[in-house]
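**Student:** These protein sequence lines map, in sequence, to chains A and B.
Position 180 (the first sequence) corresponds to 180 in this note's numbering; numbering is contiguous.
Just so we're on the same page, this note's numbering is the position in the second sequence counted from 1, plus 516.
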Amino acid sequence: MTLVQRVISLFIGLFVIAIFAVSLRGNWGAPNSIEIGASNWTKDGPFESSNERGRFALTYSVVEDNSVAFSLPLARFSTPDVAQANGKFVSLFAPGLSYLIIPAYMLGREHELSQVASYAVIALFAVFNFLLIRALVKHFGGSFLAGNIAALLFVFGSPGFAYGVSFYQHHVSTFAILASLYILARFKNVWTLGLVWFLCVASLTVDYPNFFLMLPIGLYALTRIVFVKQEKDDRYINFKYLGLLTFVTMVPVIYFFMQFNSASYGNPFQLSGTVQSAVVITEEGKVDVSEGAKRNNAQGSETKNDKTAIGFFDTRDLPNGLYTHILSYDRGMILYTPVMFLGILGLVALYKKNKTMTVLISTIVCLNLLVYSMWGDPYGGWSFGSRYMVPAYALLSVAIGMAITEWRRSWWFLLLLIPLAWYSITINTIGAVTSNENPPKSEVLALESLTNQRERYTFTRNMEMLNQNRSKSFAYNTWFSNNVNAWQFVTILATSINGVLTISLLALILAKSKKV
Amino acid sequence: MTKSKTLKSAVKSSKSPRDFTLKFKINPDWNKALVLWFARYGLYLMTMLLVIVSIGAFWYFHTTNLTLSYNDARSHLNIGRRVVEGLKPGMAQLGSVWLPLPHLLMVPTIWNDYMWHTGLSGAIQSMASFVATGYLIWKILSLLKVSQLGRWVGVIVFATNLNILFLQSTAMTELLLIATMNAGAYELLKYNNNQQILSLIKASFWIMLSTLIRYDGWFLCFYALIFLVGQAWYRKGWKAGEGIFFLFCTLAGFGIFLWFLWNLLIFGDPLYFAFGPYSAHAQQEQLDIAGVLITKKDIVQSLMTYWYAMAYNSNTWMVLMAAVGAVIIAFDKTLKPSMRIASSVLIAPLIFNILALYLGHSVLFIQGINGNTWFNVRYGIMMMPSIAVFIGYLVDRAKNFRPTIIGLLLLLIFLTFSNFDAVTIDDGRVGSSQKNVSEVSGWLERNAANEEGFVLISAASHDAIIFSSNLPMKRFIHEGTGTYWENATSSPDRWARWIVMRTNDNNDQTFKLVNQSQALYKYDLVDSYPFADIYQLKPEYLDQLNTEANLGPQR
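1. Drop a sphere of 10 angstroms on the beta-carbon of I815/B, count the other beta-carbons inside from all chains shown, and report buried for 16 or more, exposed for fewer.
2. Checking the sheet assignment: what are the DSSP bridge partners for S91/A?
3. Give the list of continuous beta strand (DSSP E) stretches no shorter than 3 residues that lie fully inside the segment 941-996 of chain B.
4. What number of angstroms, rounded off, separates the C-alpha of R295/A from the C-alpha of V280/A?
5. What's the gap between the Cα of T249/A and the Cα of L204/A?
6. Taking 9 Å as the cut-off, decide whether the C-beta atoms of A827/B and G908/B are in contact.
7. Please confirm whether L447/A and E437/A have their CB atoms less than 9 Å apart.
8. Please report the straight-line C-alpha distance between T303/A and F212/A, rounded to a whole angstrom.
9. Leaving out five residues on either side along the sequence, give the residues of the same chain with a beta carbon under 7 Å from the beta carbon of A293/A.
10. Return no unless some Cβ of chain B is closer than 9 Å to the Cβ of V359/A.
11. Rounded to the nearest angstrom, how far is the Cβ of M989/B from that of R598/B, given a contact under 8 Å?
12. Considering only the alpha carbon of each residue, which of T42/A, F144/A and F257/A lies closest to T2/A?
13. Whose Cβ in chain A lies nearer than 9 Å to the Cβ of F536/B?
14. Output, in chain order, the set of chain A residues within a Cβ distance shorter than 7 Å of T889/B.
15. Taking A555/B as the query, report the chain A residues whose CB atoms sit under 9 Å from its CB, ordered along the chain.
16. Using a C-beta to C-beta distance shorter than 7 Å, which residues of chain B count as neighbours of L184/A?
17. Of all the CB atoms in chain D, is at least one closer than 9 Å to the CB of Y822/B?
18. Enumerated in chain order, which unbroken segments of the alpha helix (DSSP H) with a length of 4 residues or greater are wholly contained in the segment 344-387 of chain A?
19. For N238/A, which three-state DSSP category applies?
20. Tell me, please, which residues DSSP counts as bridged to L1041/B.
21. Mapping DSSP to helix, strand and coil, what is W627/B?
22. Do you know offhand how far L370/A's Cα is from A83/A's?
23. Please confirm if the segment 246-262 of chain A is in contact with the segment 34-51 of chain A, defined as three or more CB-CB distances below 8 Å between the two stretches.
24. May I have a chain-ordered list of the alpha helix (DSSP H) segments no shorter than 4 residues that lie completely inside the segment 539-581 of chain B?
25. With H, G and I counted as helix, E and B as strand and the rest as coil, what does DSSP make of F70/A?
26. Are L960/B and V946/B touching if we call contact CB-CB under 9 Å?
27. For A1012/B, which residues does DSSP report across the bridge?
28. DSSP three-state label for I8/A, please.
29. From which residue to which residue does the beta strand (DSSP E) around V228/A run?
30. Using 9 Å as the limit for Cβ to Cβ distance, is N708/B near chain A?
31. For N708/B, which residues from the same chain have a beta carbon less than 7 Å from its beta carbon, with the 5 sequence-adjacent residues on both sides left out?
32. Do S78/A and G108/A have their beta-carbon atoms positioned less than 9 Å apart in this structure?
33. Return yes when the Cβ of A394/A is within less than 9 Å of the Cβ of I177/A, no when it is not.
34. Pair every Cβ in the segment 328-344 of chain A with every Cβ in the segment 836-849 of chain B, then say whether three or more of these pairs are closer than 8 Å.
35. Please list the terminal residues of the continuous alpha helix (DSSP H) segment that includes N477/A.
36. How would you list, in chain order, the residues of chain A whose beta-carbon sits under 9 Å from the beta-carbon of K539/B?
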């Protein structure tokens, strides 16, 4: 890397960190288990979804109560994503994310910023993902600036932005995928596989469907240990037996996982999502079985009443799921991040450079789309855009980086890229500084009958929030709200990001070398 | 070389201390032998496996009481049975509207009560068609120069489709139609390759058979005709085109000609099948009046409805993969242009079904999309063999993506089976294609089996009751029993000990005619059940009742 490239790299990196810092959601304070249930922390605050509440509750319980079992206030805070097992209230989520933020939580608690610090961990992983996308594009032969643009498109031009400033698992899952890909692409020796196995298993503790997303990576990594090689006229099956030692990195994670399951559910092999959830907890602290049986959760949840792991995926849901993730107004890529469609072109460009990685990336993207299209709730409950597709967006961004490198001076490509990029960044900035709580269209009518007013869905709901001068950004609410209104805040952010992207693109177009 | 030395040379490991790698040499002779063995015997192995799968699937669906869930399946079996047994057996019982070949094929076996009531008489042809279609998918893929792997993938995609496995276990006509249509398509592709008249004759033969199974076959006949004539005209001029037209039509169109002739001879109207009171047209007219024929004259609805039918029957992801495969075929320069065009015959079922929906000749309900229930959703399965071919082609051509495609297919197949996702089974269990007539038929079985006397019933409306009652066909007086029907509907108290009908429904011919006879007061209403009411002749009129079939052979 030249000095200029290093400076640009540093500037853009700091820019990304700054954007995430001012967009991060939160409130000042280190609430206890009673305070945390108040509306300024929940509906009007950072813990707007049960996804965030349930995972944070586990962190709180482990740090403050030294237990994986929830106290009654915490259990109520976490409903409906809490279960009752062996007389205790326990989390219904995979524990990885909750444990990951413990150091940040403890550090933040000292400064009355326990929630903000916890969320900052997710933003940090978003920044890591930015760096990894950039690195992958460069490694595949893409230009330096194209890598930066592609990474910007992912972190700010996709729903990855909204989920990088809140408390969801998607950036951590994406990190595991990108990091594994980078290790496999960059290093050819067997020993680095230890890291890959570690990431594979660790990603399962963050979100169980990562099993499917990491499976192609795991299988590909295995081919470093067992492979067929042609030597002169003969073919040999090669077995690098020392590679088996690399599996040892999985052991601590598996041990942790089994210990957690044992402590929570009494069975080391029980997956959290397969335990009966407690939708409603009565005043006496008992689970209301009738409500739990009906399972009518307006806000949606990642956990389901299906009691087998396979039962979460139903092929009958495929048509609706595919439509939801790609074309629907609810969550479709076409509305929330249409720039990602250019990733398909990018895969063609990447294929010319690296066939194996193209196949691997395509497989993971297809699996991501397929698995979550078969998910009973493809909408992801109330959410902004298709959050389940965040890993796919990251991978498509890598491909976009190759497309930008390949066609940076083609007018037709630029005619597609620029407006789509601007639009995607603007929409996702709106989502990031407001809320993730968008109901699916199918629930809007029911919601309207409850509230007796017109209820919006899609990002128009977020725009409505801006019209009311509301934002969930910690920085905005703490420092900027007296100087600018919410719309101005969004405009400044979106313009800055679009500006950096456009300048980078211009520099790339004007540069003589393709490596720039 | 001795056996032990052969073995030693096959597994020759070496340790390389520097890189800690064990190496096992792959014996090239073994490799070659394996490839050759599959090249020679792969088709036989595949066929054998299909037979095993077919029998296993039938056994499973039979033991879970699903093989007779479709109302239409029971009707098909009854039509076949009526040819050999009843008050007026004979070929005329083949009737109209439904084309006759499936029922004719049942005749050799349906005289046996077990074959009739288990549905095996109809299922056997479906099962044979299942195996034949798998064989044809293999052969079509080999015509398209697809490797062994691609052919295996294509056949497996077809053979692991739960809807196909279910339908092949029933007396429904889908598999028979699929087999004959694909046989016709295969011979057409072969003719396109070798230009031999024998292939053309075979294609005509199979298409002719398909025209005697379902009207989809008529469209295929027309489509093939256009293609063949167009191709001959383009290559060799108008005379050649004309020749092909007559050659093809003479055989392929013979079935259609026979059907018109049949309707003219039996019903006095060559278009009785199209416009008669029991025709699909009549049914669709009623639905149109009720406002539920929403695909009629609406191309978007028609496309969407059939898209969903295909997606639910064949798995959405596989349909999308097949679309990619079809596009690759269309642009693959390794295939002759004529072959690429000829391959379009594989999408004939798609065009036909969308057209039929658009014109209002077909009705299809997709639960949650255009109706509250399922109905005829099995029409979407017609594209399954073509989808299998396209996927096999995709696997072959997209070499680097084979692990991805095969991995995704395996995942989908696994999840389909673990979820037991089969929309045709849902239609048969809870959709509008099923009819739970167990209460009516159960009553008849308990109360009429050991008593003398006939049951007056409309076969057009209540064939399922006739079937499920387990009574012999000759106990029933229905529309096809000629003079018995005329007598029983004018003087029911003289012929019918029991009457089964939907009271106050003039669509039920029994009610319509018995009501006119004004003899219903001589009957007690036993009970009102879902789908029909049962009436029993009052005891004081029993001495005047005919309980023997004494009218002799009828014309």
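The C-beta atom is built at its ideal place from N, Cα and C for all residues, glycine as well.
**Tutor:** Taking the coordinates as given:
1. exposed
2. V82/A
3. 970-973
4. For R295/A, the predicted structure reports a pLDDT of 46, less than 50, and the residue's modelled location is therefore unreliable. The matter cannot be settled from this model.
5. 14 Å
6. no
7. no
8. In this predicted model, T303/A has a pLDDT of only 46, less than 50, meaning its place in the structure is not dependable enough to derive any value.
9. Any reading at A293/A must be qualified, since the residue scores a pLDDT of 45, below 50, and its modelled position is unreliable; the value itself is stated next. Nothing listed; no residue qualifies.
10. yes
11. 6 Å
12. F144/A
13. V190, K240, Y241, L242 and G243
14. Near T889/B there are no residues of chain A at all, since even the closest Cβ is about 15 Å away, more than 7 Å.
15. Here the premise fails: no neighbours, minimum Cβ distance about 19 Å.
16. Here the premise fails: no neighbours, minimum Cβ distance about 15 Å.
17. The structure shown contains no chain D; its protein chains are A and B.
18. 355-373
19. strand
20. Y1051/B
21. coil
22. 28 Å
23. no
24. 544-579
25. strand
26. no
27. F970/B
28. helix
29. V226 to E231
30. no
31. S854, M855 and A858
32. no
33. yes
34. no
35. From DSSP, N477/A is part of no alpha helix (DSSP H); its letter is neither H nor E.
36. K229, E231, Y236, I237, N238 and F239
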